[in-house]
Amino acid sequence: MDELLSEFLTETNESLSTLDVEVVNLERNPDNPGLIDNIFRLVHTIKGTCGFLGLPRLEAVAHASENVLGKIRDGELVVSAEGVSLILASLDRIKDILGALEATESEPDGNDGELIRQLDAMAEGVLAPASDVAPDPEPEPAPVEAPVEPDLGPERALKPGEVSLEELERVFQETASEVAAPAPKPVAPEPKADSGPAPTVNAESSVANQSIRVSVDQLENLMTMVSELVLTRNQLLQMVRTQADSEFKVPLQRLSHVTTELQEGVMKTRMQPIGNAWAKLPRIIRDLGHELDKKIELQMLGAETELDRQVLELIKDPLTHMVRNSADHGLETGAERRAAGKPETGNIVLNAYHEGGHIIIEIGDDGAGLDVEKLKAKAIEKELTTPAECESLSDQQIMLFIFKPGFSTAKAVTSVSGRGVGMDVVRTNIEKIGGTIDLRSERGKGTTVTIKIPLTLAIVSALIVECRGERFAIPQLSVIELVRASKHSESQIEMIKDAAVLRLRNRLLPLVDLGDSLHLPRAEGDEGGPLDAESEAYIVVTQVGAYTFGIVVDQVFDTEEIVVKPVAPLLRDIAMFSGNTILGDGSVIMILDPNGIAAETSNAAGHEDDKEAAVEVQNRRADDRMSFLVFRVGDEEPKAVPLSLVARLEEIERETIERSNGRMVVQYRGQLMPLVTLQGDFELEESGRQSILVFSDNDYSMGLVVDEIIDIVEDELNVELGADRAGFIGSAVVGGKATEILDVAHFLQQASGNWFKRHGDEPFGDGGSERHILLVDDSPFFRNMLTPLLQVAGYAVTSVEDADKALELREHGENFDIIISDIEMPGMDGFDFAQEVKSAGSWQETPILALSSHANPKDFQRGRQVGFNDYVAKFDRDALLDSLSQTMAMSGGAA
Amino acid sequence: MSEPKTTTSSDDGPREFVTASLAGQLFGVPVLSVHDILSPHALTNVPLAPPEVAGALNLRGRIVTAIDLRARLGLPPADREKSMSIVVEHRGEPYSLLIDEVGEVLSVGDDAFERNPPTLDVHWREVASGVFRLDGQLMVVLDVDRLLDFGQARAA
Chain C
0 MDELLSEFLT
10 ETNESLSTLD
20 VEVVNLERNP
30 DNPGLIDNIF
40 RLVHTIKGTC
50 GFLGLPRLEA
60 VAHASENVLG
70 KIRDGELVVS
80 AEGVSLILAS
90 LDRIKDILGA
100 LEATESEPDG
110 NDGELIRQLD
120 AMAEGVLAPA
130 SDVAPDPEPE
140 PAPVEAPVEP
150 DLGPERALKP
160 GEVSLEELER
170 VFQETASEVA
180 APAPKPVAPE
190 PKADSGPAPT
200 VNAESSVANQ
210 SIRVSVDQLE
220 NLMTMVSELV
230 LTRNQLLQMV
240 RTQADSEFKV
250 PLQRLSHVTT
260 ELQEGVMKTR
270 MQPIGNAWAK
280 LPRIIRDLGH
290 ELDKKIELQM
300 LGAETELDRQ
310 VLELIKDPLT
320 HMVRNSADHG
330 LETGAERRAA
340 GKPETGNIVL
350 NAYHEGGHII
360 IEIGDDGAGL
370 DVEKLKAKAI
380 EKELTTPAEC
390 ESLSDQQIML
400 FIFKPGFSTA
410 KAVTSVSGRG
420 VGMDVVRTNI
430 EKIGGTIDLR
440 SERGKGTTVT
450 IKIPLTLAIV
460 SALIVECRGE
470 RFAIPQLSVI
480 ELVRASKHSE
490 SQIEMIKDAA
500 VLRLRNRLLP
510 LVDLGDSLHL
520 PRAEGDEGGP
530 LDAESEAYIV
540 VTQVGAYTFG
550 IVVDQVFDTE
560 EIVVKPVAPL
570 LRDIAMFSGN
580 TILGDGSVIM
590 ILDPNGIAAE
600 TSNAAGHEDD
610 KEAAVEVQNR
620 RADDRMSFLV
630 FRVGDEEPKA
640 VPLSLVARLE
650 EIERETIERS
660 NGRMVVQYRG
670 QLMPLVTLQG
680 DFELEESGRQ
690 SILVFSDNDY
700 SMGLVVDEII
710 DIVEDELNVE
720 LGADRAGFIG
730 SAVVGGKATE
740 ILDVAHFLQQ
750 ASGNWFKRHG
760 DEPFGDGGSE
770 RHILLVDDSP
780 FFRNMLTPLL
790 QVAGYAVTSV
800 EDADKALELR
810 EHGENFDIII
820 SDIEMPGMDG
830 FDFAQEVKSA
840 GSWQETPILA
850 LSSHANPKDF
860 QRGRQVGFND
870 YVAKFDRDAL
880 LDSLSQTMAM
890 SGGAA
Chain S
0 MSEPKTTTSS
10 DDGPREFVTA
20 SLAGQLFGVP
30 VLSVHDILSP
40 HALTNVPLAP
50 PEVAGALNLR
60 GRIVTAIDLR
70 ARLGLPPADR
80 EKSMSIVVEH
90 RGEPYSLLID
100 EVGEVLSVGD
110 DAFERNPPTL
120 DVHWREVASG
130 VFRLDGQLMV
140 VLDVDRLLDF
150 GQARAA
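Going down the list, the sequences are from chains C and S.
Be aware that the first sequence starts at 0, since it is given in numbering that gives the first Met the number 0, and climbs by one per residue.
Be aware that the second sequence starts at 0, since it is given in numbering that gives the first Met the number 0, and climbs by one per residue.
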């Protein structure tokens, strides 16, 4: 873009935001000559520059409003609401044109005739009754130009699009000097151009002369350099700290002080008064007042409070939104206020101040306050809470519902608020920059929203933690507290199936194992398995939005001030990290992003290569992924068996294989374990090592002889059923190859006829009479996999493919000892099915187990609510049998 | 005899390369794109990163992403902590390429240049801009930009 043009745009935009404030001020203080002078001058400069740059539309509009302002300044017109509205309208028009200009670099087409006509009419006094204007058809008065160009004789008034020679000259000189030496602010009031009340203007311009414009980039650069310096300083300090008596100590101390001061100094240059973010507000409030017919007074306290410009940009919109909200929803109409015995004019107070490294901003109104009963009704209607739950909530807690997504109390969507941007968006934006938001409200007295935000985003305080030998930084802002969990202390990790939770002040805190989330390998010699109740660990209680969870780490060090640097582009896809930094000891450390961790865990997204996680499988329905153990035996065709059914992989010496009663057996863990082969009796070689897969149930085991274990593959289940070979369920594509899936149950039976009898001794066996199980699962694979399994365990099994079929059985008067139901099923799902079963009918007393491929605490809870007795992961055979036996025992065998 | 020049050679006369050896093979990186040569450095592991990323290291206050050249070129892994590295820049970001050993700065004439033989390993053909015939051995010239483009290629 043309340098001249871009300079013009920057300056004009600046002038316009000043104008917005000043014009509204003028309306309130019509008799302040300084104000009108300033306004006039700004508009005049805009007009002049437009003419010079050849922007006729802009110039015409600016010119017309300048006329009106000139009349006001000369006392020929009185400041009126209409007049101010009209001026503001013309400023808006100028902004629109500027916006288009910035985008296209040329003036957009359009017609401003109507606006200019109105402005002209106003200048002629048609719309301003209380004025002694002569009805001159060409009323452009000399004073319009005169004070600005005192040396310029009042000739003929300029028509839109025309520029006087002198003015052109002046603008040209200004612009030229601007290009040559960009130091002084050219639009800043130049004393020579103003013959009006000089003293105040002079004071202003001398301030302007003492400041220079520096590009934001340059400041950012400077900030980066200082950050580096701070880091190096920290590094040096750390090195010297380890030496008891170092000659570097004193000079380093000084370096440290100077660095700190430098850092603060540079930070200050990035600081801007919060008033900059408020500049738009008086105008907005004024317009709102007119639109809503409310009298509103806006008070702004602490406008000079400074904060980082990056933060400032980010809170601008949330602030505007909240002020709009206060005016629209918070304050009552004049009539209502009078009825409530309050002054007719409503107050909105903005207050900003520093408090311990944070900025506090309060947005308060003296309106009606929040109606707790209405909020309750709304929250229940929006299903954010239940009536029962509502009763136990405090008023304060109920008020906080307005920050929940999908909540808006305005009865009607007005043009003012209710633009689809709710308070939840405000909260999200504030929290994005590490801020917090709170709300206080008193019925009839008003509402105050308090925002707490950090001063700067560049340097943050971070907690350094260690997990499986690696260090990570967690931004302190999202950390609520640290808990040390061990089995001897009050805080103990508890397990719900595979989900670890921590009881924290009567709430269950879901836990995330950082090492697992990051797929960190366990250090050698680290015997720790997955998290369990025995685990001793530190838990970093973290909050992301409304979601609180615990990050489990091995070690917590101290906190350190860190400078967040973006990660290399190569690594930007990893949502777990928000950046990286260099610590005081010079090492690089990754900064964890709690948002990323929360997102990863709350939707339990899985990773292809995570074999451990295969048991708690991720995807829904029949495309469930599961881990297969792929092996070869006999022919070349790969065979597979679900990994979860395999207890262990063993290699045994062939010499140890014995024959007993015509079967191959091997002594294994103090017992005789039968070995079976796939091909009936095929001859094993005499010596060497033999791989076997061990299938185990309680303390009874069976070994399957295989030639070679090829791999463990995680893949989707897509089993073609109807294998014609005994011992196989069918074929599936596993790891890209056609693979035969083994029917484990077949071999279990083959291994030992005793298998059933042994189970007859189990506590739930009840003297040999078979327990009857109803299995409801839409996946044929699972029906086929589980049925033999359960049969082998001594149950009689009836399986159906959906809830409707199951309910049909109930209609027919069938009875079962226990029902096992899948959760995700087409048609009626498991939850609904359980509810149906428990609500009425002959199965009301029948225990029911949920079977699911993804078990998270929420599902677990819901399952319990609708009447499931237990919740079991689909591939966990042991857990299923355990749970069956327990449930049977609990129901007392009374079926 | 001499083949026409390919993409990276733009001016005539001898060209200079920093040589490095990796699994017994000599490689050359254009000297102008080399910012630094580093002795073995402590690396910070970056979990969940692509396998070619060996970690991150601190180079005078800058965070440099270390690339395991062996992984990138499909060679068997070596001890990353003992590898020297060549620091290059790609799209304004510093990267260090882990190698076994740094050689010398070598000036070679264009007449010794050959294009990639068509039989070259696909991995290598992708990142090599040609081969120089030296006395007794061949030097494969690495194209730094293409070498470090794997992230983009993968994302696309």
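Where a beta carbon is used, it is the ideal one built from N, C-alpha and C, also for glycine.
Since the model is a prediction, treat every value here as computed from it, not as a measurement.
Identify the residues that DSSP records as bridge partners of residue i: which are they?
i	result
C:Leu114	Answer is none; C:Leu114 lacks a bridge partner.
C:Arg285	According to DSSP, C:Arg285 bridges with nothing at all.
C:Asp437	C:Thr449
C:Leu729	Just to set this straight, residue 729 of chain C is Gly in the shown sequence, not Leu. DSSP output for C:Gly729 lists C:Ile740 as bridge partner(s).
C:Cys466	C:Glu469
C:Glu560	C:Ser460
C:Ile651	C:Gln689
C:Asn579	C:Lys564, C:Met589
S:Val52	S:Ile66
C:Asp869	C:Leu848
Which residues in the same chain have their Cβ closer than 8 Å to the Cβ of residue i, if we skip the five residues on either side of it in sequence?
i	result
S:Arg79	Leu42, Ala53, Gly54, Ala65, Asp67, Leu97
C:Glu305	Lys267, Met270, Gln271, Pro272, Ile273
C:Gly866	Ala833, Gln834, Val836, Lys837, Ile847
C:Arg782	Leu774, Asp776, Ser798, Glu800
C:Pro128	The pLDDT assigned to C:Pro128 is 44, lower than 50, so where the model puts this residue is not dependable; a value taken from the coordinates is nonetheless given after this. Hits under 8 Å: none found.
C:Ser16	Ala278, Lys279
S:Arg69	Leu21, Ala22, Pro75, Pro76, Ala77, Leu97
Our contact map puts residue i next to residue j with C-beta atoms below 8 Å; I'd like the distance itself, whole angstroms only.
i	j	result
C:Ala278	C:Leu311	Not confirmed; about 11 Å, so no contact.
C:Thr344	C:Ile295	7 Å
C:Val239	C:Leu261	Rounded, the Cβ-Cβ distance is 20 Å, inconsistent with contact.
C:Lys496	C:Ala872	6 Å
C:Val733	C:Val629	6 Å
C:Asp472	C:Thr580	Before going on, a small fix: residue 472 of chain C reads as Ala here, not Asp. Indeed they touch by this definition, with Cβ atoms about 7 Å apart.
C:Leu90	C:Leu18	6 Å
C:Val448	C:Ile362	5 Å
C:Leu773	C:Thr797	5 Å
C:Leu517	C:Met575	6 Å
C:Pro281	C:Val23	5 Å
C:Ser895	C:Ile590	Given a span of 0 to 894 for chain C in the structure shown, any question on residue 895 of chain C remains unanswerable.
Beta-carbon within less than 6 Å of residue i's beta-carbon, same chain only, minus the 5 sequence neighbours each way: which residues are those?
i	result
C:Thr199	The predicted model places C:Thr199 with a pLDDT of 41, which falls under 50 and marks its position as unreliable, so this point remains unresolved.
C:Glu649	Ile691, Val693
C:Phe247	Val239
C:Pro136	Note on C:Pro136: pLDDT 40, under 50, position unreliable in the model; no value is reported.
Tell me which residues share the same chain as residue i and place their Cβ nearer than 7 Å to its Cβ, disregarding the 5 neighbours each side in the sequence.
i	result
C:Asp364	Ser325, Gly329, Leu330, Gly345, Asn346, Ile347, Gly445, Thr446
S:Val45	Val52, Gly54, Ala55
S:Val30	Glu15, Phe16, Val17, Val104
C:Asp111	Arg56, Ala59, Val60, Arg92
C:Val587	Asn579, Ile581
Three or more C-beta pairs below 8 Å linking the region 339-358 of chain C and the region 373-389 of chain C: no
Any 3 or more C-beta pairs closer than 8 Å across the region 37-48 of chain S and the region 541-555 of chain C: no
Segment contact, 8 Å Cβ cut-off, at least three pairs: the region 127-141 of chain S with the region 107-115 of chain S: yes
Three or more C-beta pairs below 8 Å linking the region 44-61 of chain C and the region 9-17 of chain C: yes
Contact the region 328-342 of chain C vs the region 420-437 of chain C: 3+ CB pairs below 8 Å: no
Residues within the region 27-52 of chain S neighbouring chain C, beta-carbon criterion of under 9 Å: Ala41, Leu42, Thr43, Asn44, Val45, Pro46, Leu47, Ala48, Pro49, Glu51, Val52
The region 70-100 of chain S: positions lying closer than 8 Å to chain C by Cβ: Arg90, Glu92, Tyr94
Members of the region 219-232 of chain C near chain S, C-beta cut-off 8 Å: Glu227, Leu230, Thr231
Interface positions of the region 54-70 of chain S facing chain C (Cβ-Cβ less than 7 Å), listed along the chain: Ala55, Leu56, Asn57, Gly60, Ile62, Thr64
Residues, ordered as in the chain, of the region 577-599 of chain C that lie near chain S by beta-carbon distance below 7 Å: Asn579, Ile581, Gly585, Ser586, Val587, Ile588, Met589
Cβ pair count under 8 Å reaching 3, the region 546-556 of chain C against the region 457-467 of chain C: yes
Against chain S: residues of the region 453-478 of chain C by CB proximity under 7 Å: Glu469
Residues in the region 492-520 of chain C having any Cβ partner in chain S nearer than 8 Å: Leu517, His518, Leu519
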